[in-house]
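**Q** In my numbering, each residue's number is its place in the sequence shown (first place is 1) plus 8.
We put the CB at the ideal spot given by N, CA and C, even for glycine.
Attaching a single structure in structure tokens format; questions to follow.
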Amino acid sequence: KQLISGAAFYNFGQQGKLGKYPIHFHMSGDHSSSVVSKNLVQNSKQRCYVIHGTDGVQVIDNVAYDTIGHCYMNENGVEEDIQFIGNLGALTKKQPEERLIGESDHRAY
9 KQLISGAAFY NFGQQGKLGK YPIHFHMSGD HSSSVVSKNL VQNSKQRCYV
59 IHGTDGVQVI DNVAYDTIGH CYMNENGVEE DIQFIGNLGA LTKKQPEERL
109 IGESDHRAY
């Protein structure tokens, strides 16, 4: 069981890097009775509260403000018994489309 409550996460989340989120339950199996409540994620560059391959987590009464990307999400939809209750997301922005330093694309220069 994990309890994350009453904490503030400023400037967490690495822009353009999947899996680098402020609060991220990653492939952890059964987490029945784990609770994430009354926290703040502000100015995240990559999502906020992410549940991936983990079951039974409760995400309750949290705030996400001035962030980039999805704020409350099950990453691939196979997660079971996840509860998102009474959460607020405000000033959520789209991921910028410009390339990051060291990132490649189909164009040649």
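The beta strand (DSSP E) with Tyr80 in it runs from where to where?
**A** For the purposes of this step, residue 80 is identified with residue 72 of the sequence shown, where counting begins at 1. Counting along the chain, the beta strand (DSSP E) containing Tyr80 begins and ends at 80–82.
**Q** Exposed or buried, which one is Val49 when buried takes at least 16 other CB atoms within 10 Å?
**A** Locating residue 49 in the sequence shown gives position 41, where the first residue counts as 1. It counts as buried.
**Q** Flag this pair as yes or no: are the beta carbons of Gly21 and Lys28 separated by less than 8 Å?
**A** Position 13 of the sequence shown, counting from 1, holds the residue named residue 21. Position 20 of the sequence shown, counting from 1, holds the residue named residue 28. Closer than 8 Å, so yes.
**Q** Quick check for students: name the residue ranges of the alpha helix (DSSP H) that lie wholly in the stretch 38–94, counting only runs of 4 or more.
**A** List check, alpha helix (DSSP H) in window: nothing returned.
**Q** Taking the alpha-carbon of Leu99 as reference, which of Met35, Thr75, Asp69 has the nearest alpha-carbon?
**A** Stepping through the sequence shown from its first residue, residue 99 is reached at position 91. Residue Thr75 is the option with its Cα nearest to Leu99.
**Q** Please confirm if the stretch 42–57 is in contact with the stretch 9–17, defined as three or more CB-CB distances below 8 Å between the two stretches.
**A** In short, these stretches touch, since the Cβ pair count reaches three.
**Q** Do you know how far the Cα of Val86 is from the Cα of Ser45?
**A** Taking the sequence shown and counting its residues from 1, one reaches residue 45 at position 37. Taking the sequence shown and counting its residues from 1, one reaches residue 86 at position 78. Rounded to the nearest angstrom, the two C-alpha atoms are 22 Å apart.
**Q** Ser41: which of Asn47, Gly24, Val67 sits nearest, CA to CA?
**A** Here residue 41 refers to the residue found at position 33 when the sequence shown is read from its first residue. When each option's Cα is compared against that of Ser41, the closest is Val67.
**Q** Looking only at its chain, what residues have a beta carbon closer than 8 Å to the beta carbon of Tyr117, apart from the 5 residues adjacent to it on each side?
**A** Stepping through the sequence shown from its first residue, residue 117 is reached at position 109. With a pLDDT of 49 at Tyr117, under the threshold of 50, the predicted position of this residue should be treated as unreliable, though the coordinate-derived value follows. Closer than 8 Å at the Cβ level, and outside the excluded window around Tyr117, lies no residue.
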